[in-house]
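A.B. asks:
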Amino acid sequence: MPLRRLSTESRAAADAYFTEWVIGGARTLEAFARRLADDGGPADHLDGTPASLTPVFTWVVEHLVLVTDEVVDDGDLPPWCAPGPVTGPSGELDPASARLADGLARYFGEVLVRHVPGARWLIGDEPRHRKTYIDQQWPVVAGHLLAINPLEARGLALKLAGQPVERRRYGWLQENAERYIEIGAQGGAPDEPAWTVDAVDAERVPGEGWRWEVGLDDDLAADDDRTAALTTTLALLPGATAVEVEDRGAWLVAGDVDRAALEAAVRGWAAARR
1 MPLRRLSTES
11 RAAADAYFTE
21 WVIGGARTLE
31 AFARRLADDG
41 GPADHLDGTP
51 ASLTPVFTWV
61 VEHLVLVTDE
71 VVDDGDLPPW
81 CAPGPVTGPS
91 GELDPASARL
101 ADGLARYFGE
111 VLVRHVPGAR
121 WLIGDEPRHR
131 KTYIDQQWPV
141 VAGHLLAINP
151 LEARGLALKL
161 AGQPVERRRY
171 GWLQENAERY
181 IEIGAQGGAP
191 DEPAWTVDAV
201 DAERVPGEGW
211 RWEVGLDDDL
221 AADDDRTAAL
231 TTTLALLPGA
241 TAVEVEDRGA
251 WLVAGDVDRA
261 ALEAAVRGWA
271 AARR
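Residue numbers (UniProt numbering): 1 to 274.
1. Using 8 Å as the threshold, is the C-beta distance between ARG120 and ALA142 below it?
2. In terms of alpha-carbon separation, which member of LEU122, LEU236, ASP94, THR28 lies closest to GLU70?
3. First and last residue of the beta strand (DSSP E) that includes residue 282?
4. DSSP three-state label for GLU70, please.
5. From this set, ALA271, ALA270, LEU230, which residue's C-alpha is nearest VAL253's C-alpha?
6. Nearest-angstrom Cα distance between GLU178 and GLY109?
7. Which runs of the beta strand (DSSP E) fall wholly inside the stretch 45-100 and span at least 3 residues, in chain order?
8. Can you grab the Cα-Cα spacing for the pair GLU203 / LEU234, in whole Å?
9. May I have the straight-line CA-CA distance separating ARG35 from THR28, to the nearest angstrom?
10. So, helix, strand or coil for MET1, using DSSP?
11. Tell me the DSSP bridge mates of ILE148?
12. Let me make sure I understand the geometry here. Which of THR58, GLY171, ALA14 has the alpha-carbon closest to that of TRP80?
13. For the stretch 242-252 and the stretch 216-226, state whether three or more C-beta atom pairs, one from each stretch, are separated by less than 8 Å.
14. Suppose you measure from the CA of LEU64 to the CA of GLU175; what does that come to, to the nearest Å?
15. Within 10 angstroms of its Cβ, does residue 275 collect 16 or more other Cβ (buried), or is it exposed?
16. With a Cβ-Cβ cutoff of 8 Å, do GLY75 and ALA31 count as a contact?
17. So the alpha helix (DSSP H) GLU182 belongs to, where does it begin and stop?
18. Going by beta carbon distance, what residues of the same chain come within less than 8 Å of PRO238, once the five residues before and after it are set aside?
19. Taking C-alpha atoms, which residue in ALA101, LEU236, GLN137, VAL60 lies nearest to GLY255?
20. Let's test the definition: count the other Cβ atoms within 10 Å of the Cβ of GLY84 and tell me whether it reaches 16, buried, or not, exposed.
21. In angstroms with no decimal places, state the Cα-to-Cα distance between PRO78 and LEU3.
22. Rounded C-beta distance between SER7 and GLN163? I'm assuming under 8 Å.
23. Which residues mark the beginning and the end of the beta strand (DSSP E) in which ASP247 is found?
24. Kindly indicate which residue of GLU62, ALA161, TRP212 has the alpha-carbon position closest to the one of ASP39.
25. Give me the residue from ALA33, GLY187, THR68, VAL67 with the minimum Cα distance to TRP59.
26. Around the C-beta of GLY268, are 16 or more other C-beta atoms found within 10 angstroms, so that it is buried, or is it exposed?
27. Given this structure, state the Cα-to-Cα distance separating MET1 from GLU246, to the nearest angstrom.
This is the structure in structure tokens:
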């Protein structure tokens, strides 16, 4: 699937793309999880950990369909797509495969912001190298010495899909993530608004019980649109059976939810919000 040339578009277009793809990413992640579940994929591995990337990446690569003539707009293409003639030597993704690769890329970004120390979402901007910086105006996960465009996952998946099965390096995406995490750990994390995850009364809901409370300080809880996205993110956690918003700054999450996964999800949401 040819990429749009976001680096040559206006800053307003880049801002709109960031809002849709990063801030609105919960919808993409939800659709991705649903696709994996409906088609027998490793949906139970979508826990936001680097280790999850290999089974998820493997399944995605094995389900990509390539076209060799032209990519046609079916009306539901990801925002990074630019339909048109195929120029790559091994073909491009058909529309359904583009949506699958879009989910993979957004999930890859989620893993990075949860685990790279101090990571945050930014719009790529290198004023001195605007014409040569390939990620200019694209969303990047930025950390110490790092600025990663998660669409890297789409490129790797496309590359492997065009190779014979015996040559495919399915651990590639996880290896990259682990290297980025290691590099990010070399720098100190910046000061951030506060959030906490605490155990709460297990008898609050008869027969089930609330397991965890997510509390945010006033700064993090100030944006209604993005706090709504946190509700969706928490509801998608493995084992979550219900999410109740007590007020602007507290969420109660019911079910057998792993605390580390819960904390990582909030960390990822906070990184996307900045």
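By construction, the Cβ of each residue, glycine as well, lies at the ideal position given by its N, Cα and C atoms. As the structure is a computational prediction, the values presented were derived from the model and not from experiment.
C.D. replies: According to the structure shown:
1. yes
2. ASP94
3. Not covered by the structure: residue 282. The range shown for the chain is 1 to 274.
4. strand
5. LEU230
6. Distance between the alpha carbons of GLU178 and GLY109: 13 Å.
7. none
8. Confidence at GLU203 is low in this model, with a pLDDT of 49, below 50, so the placement of that residue should be treated as unreliable; the coordinate-derived value is given next. Rounded to whole angstroms, GLU203 to LEU234 spans 20 Å at the Cα level.
9. The straight-line gap from Cα to Cα measures roughly 11 Å.
10. Unreliable positioning characterises MET1 in this predicted model, as indicated by a pLDDT of 48, which lies under 50. A coordinate reading is not provided.
11. VAL141
12. ALA14
13. Three or more beta-carbon pairs separated by less than 8 Å link the stretch 242-252 to the stretch 216-226, which places the two stretches in contact.
14. 21 Å
15. Beyond the ends of the chain as shown, which are 1 and 274, falls residue 275; an answer cannot be given.
16. no
17. 172-184
18. ASP44, LEU46, ASP47, VAL257, ASP258, ALA261
19. It is LEU236.
20. exposed
21. When rounded, the separation of the alpha-carbon atoms in PRO78 and LEU3 is 10 Å.
22. Not a contact, Cβ separation roughly 28 Å.
23. 240-247
24. Check the Cα spacing between ASP39 and each of GLU62, ALA161, TRP212: the tightest is with GLU62.
25. ALA33
26. buried
27. Interpretation of MET1 is limited by its pLDDT of 48, a score under 50 that renders its predicted location unreliable; no figure is taken from the coordinates.
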